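In our numbering, the protein residues as written are 2 to 246.
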């Protein structure tokens, strides 16, 4: 059993976001980075599957050298080895294309990702990766069980759940409720220091897009209090200012 888990490194949710260069670049000064929470779920489920079967779990990340501390944390959770593709992750298609080049020759039984990264929230890597490798892809799973070479997965849909079965290999993205993320223990932290972390140069793939500008959300405005007897004024404000009716 060989499992590949795709890891994103994202700003901590408490980070104060700002931009530089006339709002064209994210300001990384003072930013604390963490493993994308959805990717932690994917990694935990991969470990839960691989360990009883004597399998291996590899992590892969597209990013620069400053992401390696977060990758070491993923190794401390129990992953066997890591691959860092030495490129800035410009967009989901570029990331998926880089990972696909490695996965083509890796002989992996399954590839797991998070449902989306919590910074850009595109949620596209799983599907694009499946297409690039010509294998099934299942998005936002909340259950993953194996019976031989057959995987059974649940995913949320409008109004309920959907159960899907497919043969390995496949790609799937983790949603909350799949499992509880592991917390590294001291033994895992010490072992992570010596686990292999391979750095690979990116394949010559042109970036598919670029960000022209960033804007922060508008600050919240003060609350307007309307008298209960003046429903007409409320309707007018909802129509003309809030534009919700």
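Ideal placement from N, C-alpha and C gives every residue a C-beta, glycine not left out. Given the structure is predicted, the values throughout are model-derived calculations rather than measurements.
Check, Outcome
"Complete runs of the alpha helix (DSSP H) confined to the stretch 49 to 97 [at least 4 residues]", "69 to 77"
"DSSP-derived helix/strand/coil call for residue 39", "helix"
"Contacting residues, own chain, Cβ-Cβ under 7 Å from residue 109 (five flanking each side not counted)", "3, 4, 5, 170"
"Beta-ladder partner(s) of residue 198, from DSSP", "83"
"Spatial neighbours of residue 92 in its chain, beta-carbon cut-off 6 Å, leaving aside the 5 residues before and after", "209, 210"
"Segments of 4+ residues assigned as alpha helix (DSSP H) that fall wholly inside the stretch 139 to 197", "187 to 193"
"Those residues which DSSP pairs with residue 115 across a bridge", "175"
"With 16 other Cβ atoms within 10 Å as the buried cut-off, status of residue 146", "exposed"
"Given residue 180 as reference, the closest of 123, 189, 41, 190 once Cα atoms are compared", "41"
"Secondary structure of residue 245, DSSP reduced to three states", "coil"
"Residue 68 Cβ short of 8 Å to the ligand GTP heavy atom set", "Among the components of this structure there are no ligands whatsoever, and the ligand GTP is therefore not found."
"For residue 34, the residue or residues it bridges with in DSSP", "12"
"Own chain, CB closer than 8 Å to residue 49, minus 5 neighbours either side, in chain order", "180"
"Assumed close pair residue 86, residue 72 - CB separation to whole angstroms, cut-off 8 Å", "Not really, about 11 Å apart at Cβ, beyond 8 Å."
"Cβ distance (whole Å) where residue 58 is taken to contact residue 79 below 8 Å", "7 Å"
"Three-state class that DSSP yields for residue 239 in the structure shown", "helix"
"As assigned by DSSP and simplified to three states, the class of residue 224", "coil"
"Proximal residues to residue 130 (C-beta, below 8 Å), its chain only, five neighbours per side dropped", "7, 97, 100, 101, 104, 112, 114, 138, 172"
"As assigned by DSSP and simplified to three states, the class of residue 25", "coil"
"Extent of the continuous beta strand (DSSP E) run through residue 5", "3 to 7"
"Sequence-distant residues of its chain with Cβ nearer than 6 Å to residue 155 (five each side left out)", "143, 144, 162, 164"
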